[in-house]
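Data first, discussion second: the structure below is written as structure tokens.
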Amino acid sequence: MDDNELIAFNERLKKSLKIQKVNYSAEPKLDGLGVELIYKNGIFIKGSTRGDGFNGEDITHNLKTIKSIPLTLRRTKVPIPKVLEVRGEVFILKRDFKNLNKKRELNEKPVFANPRNAASGSLRQLDPKQTAKRPLSIYFYDAGLIEGHNFKNHSDFLKCIQNWGLPVNPLIEKVNGAKEIIFYHKKLEADRHKIPYEIDG
Numbered sequence: 005m006d007d008n009e010l011i012a013f014n015e016r017l018k019k020s021l022k023i024q025k026v027n028y029s030a031e032p033k034l035d036g037l038g039v040e041l042i043y044k045n046g047i048f049i050k051g052s053t054r055g056d057g058f059n060g061e062d063i064t065h066n067l068k069t070i071k072s073i074p075l076t077l078r079r080t081k082v083p084i085p086k087v088l089e090v091r092g093e094v095f096i097l098k099r100d101f102k103n104l105n106k107k108r109e110l111n112e113k114p115v116f117a118n119p120r121n122a123a124s125g126s127l128r129q130l131d132p133k134q135t136a137k138r139p140l141s142i143y144f145y146d147a148g149l150i151e152g153h154n155f156k157n158h159s160d161f162l163k164c165i166q167n168w169g170l171p172v173n174p175l176i177e178k179v180n181g182a183k184e185i186i187f188y189h190k191k192l193e194a195d196r197h198k199i200p201y202e203i204d205g
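Quick note: the sequence shown uses my numbering, first residue 5, plus one each step.
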């Protein structure tokens, strides 16, 4: 959407909700592979690709090889829900992607076209030991089913999951209204080359 469409959307939202100001969570859209993880009583039990939105591939064992994904959530003052479904994006940092392709060239293997394909292919390996060799990273950004806890808002959710040990993108910001969204977007676009991973929005 361009600026005018975004402003119009914000106005429609205010009118529909009958409020004067709308708060948004603004974040870069990572160019990786969408996944969903399920924790029961704080223990990681299953992970899958987003698939078609209803059915995805079971990649539990491969996700367990990503070092930044905790197998057990960290205990804090906020009780961990009985069931916590979290959605995230698996990606490869630009520098890690270059190093990965260099190694593949040296071993006379075909190189990956882009970091997204590399991340996707890595998570679909039949042998988790092969996935473990790939430099995969992840940021969590959204909730699925939650049983046993209510969050005040999206910012509260992100803060809680980060405290429980799940990585959250540090570039996520709470913004107010259309003007701040546009400012955030333009700043992100200007700094795009400085971001250590690929984004597509």
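Beta carbons: idealized from backbone N, C-alpha and C, even for Gly.
Predicted model only: the values in this text are computed from it and were never measured.
Query, Result
"With a threshold of 8 Å on Cβ separation, who are the neighbours of residue 72 within its own chain once the five nearest residues in sequence on each side are excluded?", "141, 142, 171"
"Look at the Cβ atom of residue 152, then the Cβ atom of residue 87, and state whether they are nearer than 8 Å.", "yes"
"CB-CB under 8 Å to residue 183, same chain, minus the five flanking residues each way: which ones, in chain order?", "none"
"How about residue 185 and residue 30: are their beta carbons less than 8 Å apart?", "yes"
"Bridge partners for residue 62 per DSSP, in chain order?", "52"
"Contact defined as beta carbons within less than 8 Å: I believe residue 202 pairs with residue 35. What is the distance between those atoms, to the nearest angstrom?", "4 Å"
"Would you call the CB atoms of residue 75 and residue 68 closer than 8 Å?", "yes"
"Under the assumption that residue 144 contacts residue 205 (Cβ atoms under 8 Å), give the Cβ distance between them as a whole number of angstroms.", "Not confirmed; about 18 Å, so no contact."
"Assign residue 66 to buried or exposed, taking buried as 16 or more other Cβ atoms, counted over all protein chains shown, within 10 Å of its Cβ.", "buried"
"Looking at the structure shown, is residue 40 part of a helix, part of a strand, or coil, going by DSSP?", "strand"
"One question on the structure: do residue 175 and residue 85 come within less than 8 Å of each other, judged by their Cβ atoms?", "no"
"Report buried or exposed for residue 51, applying the criterion of at least 16 other Cβ atoms within 10 angstroms of its Cβ.", "buried"
"Who are the Cβ neighbours of residue 126 in its own chain at under 7 Å, not counting the five residues just before and after it?", "135, 138, 140"
"Given that a residue counts as buried once 16 or more other Cβ atoms are within 10 Å of its Cβ, and exposed if not, what is residue 40?", "buried"
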